[in-house]
Amino acid sequence: MSGKKSWAVWACVLALTTAAMAASHPPQTKNAASSASQMFTDPKVAAALKQISPKRIQADIDKLVSFGTRSTLSSQDTSSGRGIGAARGWIKSQLESYSKDCGGCLEVKTDSYTQQPAERVASPTEITNIYAVLKGSDPEDAKRIVLVTGHYDSRDSDNFDVTGDAPGANDDGSGTVVSLECARVLSKLKFPATIIFLTVAGEEQGLYGSHHFATMAKDQGWNLEGVLNDDIVGGDRSPEQDHSVVRVFSEGLPVNASEQDIRRIRALGGENDSASRELARYIFEVGQTYDTGVKPMLVFRLDRYLRGGDHYSFNQQGFAAVRMTEFREDFHHQHQNVRMENGIQYGDLPKFVDFNYVANVARLNAATLAALASAPAPPANVHVLLKNLENDTTLAWEPAPGGLAKSYEVLWRATTAPEWEHVQDVGNVNQTTLKISKDNVIFAVRSVDAQGRVSLPVVPTPQR
């Protein structure tokens, strides 16, 4: 074959290949994962994020450490100055002071019960969660709740040591002050939906406090849309730490999925699209929208390898929940007696915490809470219609409750992509057809309000 003929053949093949690719991959419209314009940037929220203070965070962590130990098994006396009772009293007083500053906008409450003896609980022990409720301003949307939590208990090398120092500066003084800072700055604003700022106890003994709270939420029928659990977000000052990112862990297959759910998920390839994964992707988009100083690093795993945290208590009750944790943990500073050994300092001390990093993580949490609480409710009963055998995809849904939604967007991504890649505004409709094969991508639908605030995305289920 001559050079000219060979070139002509290859040019023809290239043209046909390009045409085929164009037919199977429609032109990209808007990129939800990289375009900050897709999520509304609220100037009031942006201003609130700037009020989060590393100096205040440092003072709050130092105060928590000053109680000596916050072991759940330690003294319950709120006036002793040492032990979990004293820490509990101080946290409650902080939330009450924030409420006073905003004219009583926060309802500060406690959730207490007696934990009976168990593997890490030697005798009946009172466990108390402290939380503040910022009630939503819209009568209907106030029924929707988003929540941030951290555990305020600590421990040293021996779970049953109730007298030795257990500073818990990072684990989990850092997560506790994230909840406190979010409460302090967001209580100055109003949101249609409700926000809860929670701190729990009993985590180190087996997630007892969060389990009790999540069970209460389930039993009382709370519409809990998302839970952010911050645990070890102190940015330990170890040499290989990456202070530019925070890990966001999320479950794939829901722990409470029925056999029927599991069969459907496997058939549709939905292992990567649980409600918790959609919450994680939402956090990722918030991180692209607001200048928080830290970027979410999505880790598609329930938690660190064979380890656990309080978000799992909420997952067990069917709620979307994720865990935020620093990029690299230093185990010399976790669950260790304070000591110097072979030139190595052990113990969870404040000097190992990067307070600027904690502030950045708090900003990401606050921005996510504000975005969710400001947005309309997600659309209801989202389906892919399968009556006709065709390559086009028809999606249908019911209007989002609450009345804030003014239009809807369809998201899609390749089945191998971690974040949403494309978004198309389809208007104020409840059904749309796209010339994209459902076999090749993952779809979702989300609500949009008049200003462009977006709800959590909902992945459709098939309807024949």
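Numbering (the working numbering), first residue to last: 54 to 517. For each residue, glycine too, the CB sits at the ideal point set by N, CA and C.
Contact annotation: G255 and T125 have beta-carbon atoms nearer than 8 angstroms. Separation of the CB atoms of G305 and S291 is rounded to 29 angstroms, and the pair is thereby denied contact status at 8 angstroms. Of the residues assessed, A433 falls on the exposed side of the cut-off, its CB having fewer than 16 other CB atoms within 10 angstroms.
Shown here for Y343: same chain residues with a beta carbon closer than 6 angstroms to its own, the five before and five after excluded, namely A420 in chain order. In the three-state reduction of the DSSP assignment, Q129 falls in the coil class, being assigned neither a helical nor a strand state.
Annotation: V201 to P515 spans about 33 angstroms, alpha carbon to alpha carbon. Cβ-Cβ distances below 6 angstroms link Q484 to A449 in the same chain, with the five nearest sequence neighbours on each side left out; the list follows chain order. Looking from the CA of L277, the closest CA among P431, A219, L321, Y399 belongs to P431. In its chain, beyond the 5 residues on either side, T131 have a beta carbon closer than 6 angstroms to the beta carbon of G142.
According to the DSSP assignment, Y410 belongs to the alpha helix (DSSP H) that extends over 408-427. Here K491 is buried. Its C-beta has 16 or more other C-beta atoms within 10 Å.
Counting other Cβ atoms within 10 Å of its Cβ, K404 stays below 16 and is therefore classed as exposed. If you draw a straight line from the Cα of Q504 to the Cα of A236, it is about 25 angstroms long.
In this structure, DSSP gives N212 a state outside helix and strand, which the three-state scheme calls coil.
It is roughly 6 angstroms from the alpha-carbon of P510 to the alpha-carbon of A497. Around Y166, the same chain offers I180, H265 as residues with beta carbons nearer than 7 angstroms, after the five sequence neighbours per side are excluded. Spatial neighbours of A219 in its own chain (CB-CB distance under 6 angstroms, excluding positions within 5 residues in sequence) are listed in chain order as T122, S124, S207, R208, D209. Annotation for V347: H296, S297, V298, V299, G340, Y410, N413, V414, R416, L417 place their beta carbon closer than 8 angstroms to its own, counting only its chain and skipping 5 residues before and after. Between K188 and T163, the gap from beta carbon to beta carbon reaches 8 angstroms or more.
Taking the CA atoms as reference points, R517 sits about 52 angstroms from D383.
The alpha-carbon of V301 is positioned some 16 angstroms away from that of L359. When secondary structure is reduced to three states using DSSP, G288 falls in the coil class, being assigned neither helix nor strand.
Minimum Cα-Cα distance from Q258 among the listed residues V230, L281, T178 corresponds to T178. In this structure, the CA atom of L148 is about 30 angstroms from the CA atom of R381.
If you compare the alpha carbons of L117, Q370, N212, R317 with that of Q273, the shortest gap goes to Q370. The beta carbon of K459 is closer than 7 angstroms to those of N481, V501, D502, A503 in its chain, skipping five residues each way along the sequence. In terms of Cβ geometry, A424 and L242 do not form a close pair [threshold 8 angstroms].
DSSP, read as helix, strand or coil, puts W465 in strand. For L487, the CB contacts under 6 angstroms within the same chain, skipping 5 residues up- and downstream, are T446 in chain order. Shortest Cα-Cα distance from E451 to any of L117, G228, V435, V174 involves V435.
Per the C-alpha coordinates, the member of L239, S508, N325 positioned closest to E338 is S508.
Classified as exposed, F213 has fewer than 16 neighbouring CB atoms from the shown chains inside 10 Å of its CB.
Between T247 and I315 the beta-carbon gap is near 32 angstroms, outside 8 angstroms, which marks them as no contact. Per DSSP, A185 is one residue of the beta strand (DSSP E) stretching across 178-187.
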